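Trainee: Supplied in structure tokens, the structure appears directly below.
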Amino acid sequence: MGSSLKEKIYKNIFLIVTAFSLVILFLIALFLFAEALPLFKNVSLIDFLFGKMWYPTMSPHSFGILPLILASFYVSFLSAIISIPLGIAFAVYLSELAPKGIKEVLKPLVELISGFPSVVLGFFGMVVIAPWMTNKLSPFFTETIPNFLSFLHLSYLSNFFANNLYIDVGLNITSASIMLAFITIPTIASLSEDALYLVPRTYKEASLSLGATKWETIKKIVLPAASSGIATAVMLGVSRAMGETMIVLMTCGGASMIPVRPFDPARPLPAAIAAEMGEAPYHSLHYEALFGIGAVLFILTLIFNILSDIARTQGEKKMKGKSV
Amino acid sequence: MNKRNFSQGLNFIIIKISVFVVVAFLFFIIFHIFRNGISSISIDFLTKPPTDSMTRGGIFPAIVGTFCLSIGALIVAVPMGIISAIYLSEYTKGGLFLRILRLGIRNLAGIPSIVFGLFGLALFVIKFGFGSSLLSGSLTLGFLILPTIIAATEEALRGIPQDFREASLALGATKVQTIFKVVLPAALSNIVTGILLSVGRVAGETAPIMFTAAAFYKPALPTSVFDEVMALPYHIYTLATEGTHFEQTLPIQYGTCLVLLALVVLMDIAGIWIRLKARKSKKW
């Protein structure tokens, strides 16, 4: 029949369009590696990944991106410490505690945060968080707390605070982490909430009927049952924090040294690309090195995405046949 | 028993404080931008180009640029996204290829926006010779939001009850007719919601357009797709990080932030409103 042939043609057109997403993914990987590859005629891969000096424009130049990789891990880790508990608490509130009316208001707010322009958050970090760090938080750490501690005759602790927790640059790892945490909370909260929602109601009812309190049920039954979904959410959150550009570009300070203290300025991978690409001449070593950084960033976020996918499949297996 | 109730109460308070902190931080940011930005907003600010090496004047070219880039990205992403979602939701029945397809789309969604920027630079700007232009930027942004559009549309299609399809097929309609005349129209408002939320996202993206479309200063409006354009997010970035006039241009920065934020929030509210209205009028 003619119409069944037409149907087949449509189906195949749809398939080709859908497969185009795979083509894009492939092209992105291809171009990153192809543009980066010539660099390794001049710089060894080991020197690139583990070199401690990033001096792309000096002569002699040095293309070691270890400080940038460590900076990326540092901000992602610090922001995760903030965003994981807040994100999961948000999810628990939405799924288990919130009255329906409040829930209807909060869910759109989560969407709003997740679509918040990151350049505005970077700007806010620059004009509000950074000055607050140097003007308020630094004196608090280096004067108020040490004074109080020496009043308690804890001079060792007092000196430790005064000598280590000074903040001389407001644009630093902690400032960036705070803003990064804010933008990753929606990812963690909404995906964790989906996971909590999928926990069969019978689990909760069984626990409650055995005399457990609501909190005990959440802590010992609901959260463990949703753990793989929450793991998925956390991985995607970390991946998003690692790839986020404008916040680290504007609030992290930009120093390409190996970061030590949480109040040191640093230059994470995306910030290096964004800040330097404009000045790197086409197909210079610097240009190729920036594409190399892009490739590293691509691989890092891919690892986190695949880990989150593994967690998701595990969770789906565990939940199979248990939904009520 | 008392101790257990106390522990519950304490933990619930901690959870509520966490929620409050996040929401309060959101409102603090919005309030701060609004309070400092509102005095810069005037008709001239919204309709005039920047003057005096960008220390005075308005942001009209940046508004137009962001508008054009968003429309361009939608032209690239919406048809492709909707067709992909139709295929995924209406034609597939599982299997290895489908799993690879889904994994690919999910990973595309996870790629950092700056990497999209590099890709756009290498492919569109240099290889295809489009230069830093509206076209390169729209293509880059379009590919960036493609997975979001696919996900939103697929969810909307899955929300349509199976009965709709069966009724249509039973009346003798073909599968394609069923999809385009029954399923898509029924899912339309949720698809529009997804698109509006994506527009908000695209308008605020900076990293992908830095090397593919955005101009530091270009008061003339674009006349072709090969023109470089100013854009609101990039305007904020350049003014805030261009050291010499930082203090002087601070009101313009706040004003631009407010305009961008208002644009994004309006898109979000419109999308969420359409979704709410659709849910209320839903008859299934």
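Protein sequences, first through last, are from chains A and B.
Take any residue in the first sequence, note its place counting from 1, add 992, and you have its number in our numbering.
Take any residue in the second sequence, note its place counting from 1, add 104, and you have its number in our numbering.
Quick reminder that beta carbons are idealized off the backbone N, C-alpha and C, glycines included.
Quantities reported herein were computed from a predicted structural model and do not represent experimental measurements.
Can you pull the chain A residues whose beta carbon is under 9 Å from the beta carbon of N115(B), in chain order?
Mentor: Going along chain A in sequence order, the residues near N115(B) (Cβ under 9 Å) are W1207, I1210 and K1211.
Trainee: What residues from the segment 319-332 of chain B come within 7 Å of chain A, judged by C-beta to C-beta, listed N to C?
Mentor: Cβ contacts with chain A come from no residue of the segment 319-332 of chain B.
Trainee: Roughly how many angstroms lie between the CA atoms of E1208(A) and I1057(A), to the nearest whole one?
Mentor: Distance between the alpha carbons of E1208(A) and I1057(A): 47 Å.
Trainee: Where in the segment 127-169 of chain B do unbroken runs of the alpha helix (DSSP H), each at least 4 residues long, occur, reported from the N-terminal end onward?
Mentor: Counting whole runs of 4 or more residues, the segment 127-169 of chain B contains the alpha helix (DSSP H) stretches 147-151.
Trainee: Let me know the secondary structure DSSP gives G1246(A) once reduced to three states.
Mentor: In this structure, G1246(A) counts as coil in the three-state DSSP scheme.
Trainee: Can the beta-carbon of F1205(A) be found closer than 8 Å to that of S1300(A)?
Mentor: Note on identity: in this sequence residue 1205(A) is Thr, with Phe being the wrong assignment. No, the pair does not count as a contact, with Cβ atoms beyond the cut-off.
Trainee: For F1116(A), which beta-bridge partners are listed by DSSP?
Mentor: According to DSSP, F1116(A) bridges with nothing at all.
Trainee: Determine the direct distance from the alpha carbon of N1297(A) to that of I1210(A), and round the result to whole angstroms.
Mentor: Each residue's alpha carbon lies about 27 Å from the other.
Trainee: With a threshold of 8 Å between beta-carbons, can R269(B) be considered close to chain A, or not?
Mentor: No, no contact with chain A.
Trainee: Who are the near neighbours of W377(B) in its chain, counting only those whose CB is closer than 6 Å to its CB and skipping five residues on each side?
Mentor: Same-chain partners within the cutoff: there are none.
Trainee: Tell me where the alpha helix (DSSP H) around E1185(A) begins and ends.
Mentor: That run of the alpha helix (DSSP H) goes I1165 to Y1189.
Trainee: In the DSSP assignment, what are the bridge partners of F1055(A)?
Mentor: F1055(A) pairs with W1046(A).
Trainee: By how many angstroms is the C-alpha of L1294(A) removed from the C-alpha of V1316(A)?
Mentor: Its pLDDT being 44, under 50, V1316(A) is placed unreliably in this model, and the coordinates cannot settle the point.
Trainee: Under 8 Å, do L245(B) and V182(B) count as touching if we go by C-beta distance?
Mentor: Contact: no.
Trainee: Looking at Y1047(A): is its Cβ nearer than 8 Å to the Cβ of S1054(A)?
Mentor: Against a cut-off of 8 Å, the Cβ pair of S1054(A) and Y1047(A) comes out as a contact.
Trainee: Are the Cβ atoms of V1112(A) and L300(B) separated by less than 8 Å?
Mentor: Their beta carbons are not under 8 Å apart, which means V1112(A) does not touch L300(B) by this criterion.
Trainee: Taking 8 Å as the threshold (C-beta atoms), are L1157(A) and T1134(A) in contact?
Mentor: Yes, Cβ-Cβ distance for T1134(A) and L1157(A) is below 8 Å.
Trainee: Enumerate, from N- to C-terminal direction, the unbroken alpha helix (DSSP H) stretches of 4 or more residues contained entirely within the segment 1284-1311 of chain A.
Mentor: For the segment 1284-1311 of chain A, not a single whole alpha helix (DSSP H) run of length 4 or above is found.
Trainee: Please decide whether V1316(A) counts as near chain B, where near means a Cβ-Cβ distance under 8 Å.
Mentor: Per-residue confidence for V1316(A) stands at a pLDDT of 44, beneath the threshold of 50, marking its modelled position as unreliable; the derived number appears in the next sentence. No, V1316(A) lies away from the interface with chain B (no Cβ there is under 8 Å from its Cβ).
Trainee: Identify each residue in the segment 1279-1290 of chain A for which the Cβ-Cβ distance to at least one residue of chain B is less than 7 Å, and report them in chain order.
Mentor: If the cut-off is 7 Å between Cβ atoms, the segment 1279-1290 of chain A has F1283, G1286, L1289 and F1290 near chain B.
Trainee: How far does the alpha helix (DSSP H) with A349(B) in it extend, from its first residue to its last?
Mentor: Residue 349(B) is actually His in this sequence, not Ala. Unbroken run through H349(B): none, as it is neither H nor E.
Trainee: Using a Cβ-Cβ distance cut-off of 8 Å, determine whether S995(A) contacts chain B.
Mentor: Cβ-Cβ to chain B under 8 Å: yes for S995(A).
Trainee: How is A1204(A) classed by DSSP in three states: helix, strand or coil?
Mentor: Residue state, collapsed to three classes: coil.
Trainee: Quick one: complete alpha helix (DSSP H) runs, 4+ long, within the segment 189-247 of chain B?
Mentor: With a minimum length of 4 residues, the continuous alpha helix (DSSP H) runs that stay inside the segment 189-247 of chain B are 200-214 and 217-224.
Trainee: Could you tell me which chain A residues have their CB closer than 7 Å to the CB of C361(B), listed as they occur along the chain?
Mentor: Here the neighbours are V1112 and F1115.
Trainee: For the alpha helix (DSSP H) containing A1258(A), list its first residue and its last residue.
Mentor: That residue, A1258(A), is in no alpha helix (DSSP H); it is neither H nor E in DSSP.
Trainee: Between which two residues does the alpha helix (DSSP H) holding Y1148(A) run?
Mentor: Segment S1147 to N1156, the alpha helix (DSSP H) holding Y1148(A).
Trainee: Give me the DSSP bridge partner(s) of V439(B).
Mentor: Residue 439(B) cannot be examined here, being either before or after the span of chain B that is shown, 105 to 388.
Trainee: Along chain A, which residues have their Cβ under 7 Å away from the Cβ of S111(B)?
Mentor: Those within 7 Å of S111(B) in chain A are W1207.
Trainee: Using CA atoms only, rank isn't needed, just tell me which of D1256(A), I1020(A), M1242(A) and Y1195(A) is closest to V1161(A).
Mentor: If we check each option's Cα against that of V1161(A), D1256(A) comes out closest.
Trainee: Do you know how far the Cα of G169(B) is from the Cα of K322(B)?
Mentor: Approximately 10 Å, taken between the alpha carbons.
Trainee: Does any residue of chain A have a CB that is nearer than 8 Å to the CB of M314(B)?
Mentor: Closer than 8 Å: yes.
Trainee: Indicate the three-state DSSP secondary structure (helix, strand or coil) for D101(B) in the structure shown.
Mentor: Because chain B in this structure spans residues 105 to 388, residue 101(B) falls outside the shown range and cannot be described.
Trainee: Buried or exposed: where does E1308(A) fall if 16 or more other Cβ atoms within 10 Å of its Cβ makes it buried?
Mentor: Burial call: exposed.
Trainee: Under a Cβ-count criterion, where at least 16 other Cβ atoms within 10 Å of its own Cβ denotes burial, should H339(B) be classed as buried or exposed?
Mentor: It counts as buried.
Trainee: Please state whether the Cβ-Cβ distance between I167(B) and L336(B) is less than 8 Å.
Mentor: Result yes, Cβ atoms of I167(B) and L336(B) sit closer than 8 Å.
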